[in-house]
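Shown next, in structure tokens, is the structure this report addresses.
Next up, the structure:
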């Protein structure tokens, strides 16, 4: 099974992730033609549902980037359905406890390591030897995005089979009494984010973070993060169009 994301990590390099919230197979295809190690389809806050996500995966199949999906919530049905459709990993929001993490990981893995039901209708067609390789190849990233999760991060990171932690800075900031936003400056939220990274890496799993700008990603890679997302398709499109319209109007 091809897995550029794991290959990048195995080479000792941090991975760059793209993010899709627009329900369009063509915009997904365009994003997949860029040099991302992985690309995530966002079914939580993006405008994407399952019927849009599948053709987006099909449009990106030739790119070589590892296709991930962020599910709307910790619900085994949609996790397993997206894996059956060919996603090679799941990012799960609002994982606050060890029990949450165990339920999440279990939904991504076949017995005896989990409770995923067997029926990889598309995944079995596009990935060779799928059943025997899936447990080792599927990426599971639990989102730490509340103060409760930060307090429980050691127990979460100790969950067998969990690939990594993915910090959601905006929700974390809200639960810590600050305004939402990415690319946090030094302060209590930044310190919490770095604490999560340290705990994850001490546990032998990956640490990821959602970021806004290339410069901030470089800074976070320098601190030791293994995985970072560059903004999202909506913000990138808006930024380019806004800047060019403003230039014309000026």
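Numbering (my numbering), first residue to last: 13 to 262.
Ideal Cβ positions, reconstructed from N, Cα and C, are used throughout, including at glycine.
On a predicted model such as this, the values are computed, not experimentally measured, just so you know.
About 16 Å separates the beta carbon of residue 103 from that of residue 245, a gap too long to meet the 8 Å contact definition.
In this structure residue 227 is exposed. Its beta-carbon is surrounded by fewer than 16 other beta-carbon atoms within 10 angstroms.
In the DSSP assignment, residue 150 falls outside any alpha helix (DSSP H) and carries neither an H nor an E. Beta-bridge annotation (DSSP): residue 155 is paired with 178. Residue 85 sits exposed, since fewer than 16 C-beta atoms from the chains shown fall within 10 Å of its C-beta. Between the C-alpha atoms of residue 111 and residue 40 there is a straight-line separation of about 34 Å.
Within the model, the alpha-carbon separation for residue 153 versus residue 255 is close to 34 Å. Here the region 52 to 64 makes no contact with the region 118 to 129; the two share fewer than three CB pairs at distances below 8 Å. Counting along the chain, residue 22 sits inside the alpha helix (DSSP H) bounded by residues 16 to 22. In the DSSP assignment, residue 169 forms no beta bridge with any residue.
Residue 52 is bridged by DSSP to 31 and 80. Counted as a single uninterrupted DSSP element, the beta strand (DSSP E) harbouring residue 221 occupies residues 218 to 223.
Residue 64: not part of any beta strand (DSSP E); member of the alpha helix (DSSP H) spanning 62 to 72, first to last residue. Of the other Cβ atoms in all chains shown, fewer than 16 fall within 10 Å of the Cβ of residue 14; this residue is therefore exposed. For residue 103, the pairing in a beta bridge is given by DSSP as 82 and 153. DSSP places residue 239 outside any alpha helix (DSSP H); the residue lies instead in the beta strand (DSSP E), whose first and last residues are 239 to 242. Distances from the alpha-carbon of residue 75 to those of 25, 222, 42 and 87 put 42 closest. In the three-state DSSP reduction, residue 109 falls in the coil class, being neither helix nor strand. Distance check between residue 36 and each of 70, 77 and 105 places 70 closest, using alpha-carbon atoms only.
In this structure, 87 is the residue among 202, 87 and 44 with its C-alpha nearest to the C-alpha of residue 114.
Boundaries of the alpha helix (DSSP H) harbouring residue 214: 200 to 214, taken from the DSSP string. The continuous alpha helix (DSSP H) containing residue 93 extends over residues 88 to 96.
Counting C-beta pairs with one atom in each stretch, the region 168 to 184 and the region 203 to 221 have three or more that are closer than 8 Å, which means they touch.
For residue 159, the closest alpha carbon among the candidates 30, 57, 77 and 201 is that of 201. Within its own chain, the residues whose Cβ lies closer than 6 Å to the Cβ of residue 161, once the five positions on either side in sequence are excluded, are 108, listed in chain order. Fewer than three beta-carbon pairs drawn from the region 172 to 181 and the region 127 to 146 are found closer than 8 Å, and the two stretches are therefore not classed as touching. Sequence-distant partners of residue 132 (beyond 5 residues in either direction) whose C-beta falls short of 6 Å from its own C-beta, in its chain, are 96 and 142.
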